[in-house]
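634 is the number of the first residue of the sequence shown in the numbering used here; add one for each residue after it.
All C-beta atoms in this analysis are idealised placements derived from N, C-alpha and C, irrespective of residue type, glycine included.
First the structure, in the form of structure tokens, and then the observations on it.
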Amino acid sequence: MLHGAIGASCQLKTIAGLLASDYDVHLLNFPGHGGEAFPEEAFSIPLFSTSVHHYIQKHQLKHPVIFGYSMGGYVAMHLAKQHPQLIRKIITLGTKFHWDETIANRETKMLNPETIAAKVPVFAAGLEAIHAPNNWREVLQRTTDMLLAMGQSNPLQPEDYKTIQTPVLIMLGDRDKMVTLEETVNTYKNLPNAHLAVLPDTPHPIEQVNAEMINWFIRQ
634 MLHGAIGASC QLKTIAGLLA SDYDVHLLNF PGHGGEAFPE EAFSIPLFST
684 SVHHYIQKHQ LKHPVIFGYS MGGYVAMHLA KQHPQLIRKI ITLGTKFHWD
734 ETIANRETKM LNPETIAAKV PVFAAGLEAI HAPNNWREVL QRTTDMLLAM
784 GQSNPLQPED YKTIQTPVLI MLGDRDKMVT LEETVNTYKN LPNAHLAVLP
834 DTPHPIEQVN AEMINWFIRQ
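Shown next as structure tokens:
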């Protein structure tokens, strides 16, 4: 199970708990997230993809199913592109597949640490807690740099999805204000072996998602 940008694996524990009775569930943090040490290199999708690959090898996981929330879904897709035989199936939720300069600039404006600390101190405190002992402000700055780079050049281009043979279920909440239905459908159409689900009464933040519903779709 792969978490989203500026997030951590602890945010997926509720869904993981529902799956644990029947599945061997693995929660991992990307480098620099959830207290993991900051990498020497910049945050990037290839970096996170490589970290998941190493985790799979270290734990000798044979053709795992990967659930990726938001950025975690993008990382799973990138991993499937780079290592076609590694993953059995992918499930994404609220993954933003299309990035350009305008989108990156808009999204990164919401990642200003000082603005967050001043206007939404509860959210800032939550970020501090899940990333300790790391500085949550550095997590946001590194994420900002990554998204701006993605705005210049997507790690995955539309033609890349056409080569991913891994079975994929793409899920999008009908209340998601970050990810558009258009980009989700376009990606779904480009994938050779994909299914699409639009979830009712579902916004983008993972904390507001119906875990029971996600559990049902993952099991299906």
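Listed in chain order, the non-local C-beta contacts of Met-783 below 8 angstroms within the same chain comprise Ile-678, Trp-732 and Ala-737, local neighbours out to five positions each way being set aside. Between the C-alpha atoms of Leu-781 and Leu-805 there is a straight-line separation of about 23 angstroms.
Distance check between Ser-703 and each of Ala-649, His-636, Asn-787 and Ser-654 places His-636 closest, using alpha-carbon atoms only.
At a Cβ-Cβ threshold of 9 angstroms, Ile-648 and Ile-803 do not count as neighbours.
In terms of Cα proximity to Ile-797, the closest of Met-779, Ile-720, Gly-701 and Thr-776 is Ile-720.
With 16 or more other CB atoms across the displayed protein chains lying within 10 angstroms of its CB, Asp-809 is buried. In this structure, the straight-line span from the alpha carbon of Gly-665 to that of Leu-814 is close to 30 angstroms. Phe-730 is not a Cβ neighbour of Tyr-688, given a cutoff of 9 angstroms. Straight through space, the alpha carbons of Gln-790 and Pro-833 are spaced by roughly 29 angstroms. The criterion of a C-beta distance shorter than 9 angstroms is not satisfied by Ile-763 and Gly-701. Remark: C-beta atoms of Gly-705 and Met-634 approach each other more closely than 9 angstroms. Contiguous alpha helix (DSSP H) elements confined to the segment 679-754 occur at 704-715, 734-742 and 746-752, taking only those with 4 or more residues.
Secondary structure at Val-772: helix, using DSSP grouped into helix, strand and coil. For Val-818, the uninterrupted alpha helix (DSSP H) segment begins and ends at 814-823. The bridge partners DSSP lists for Gly-806 are Leu-832. Here Gly-727 is buried: its Cβ has 16 or more other Cβ atoms, across all protein chains shown, within 10 Å.
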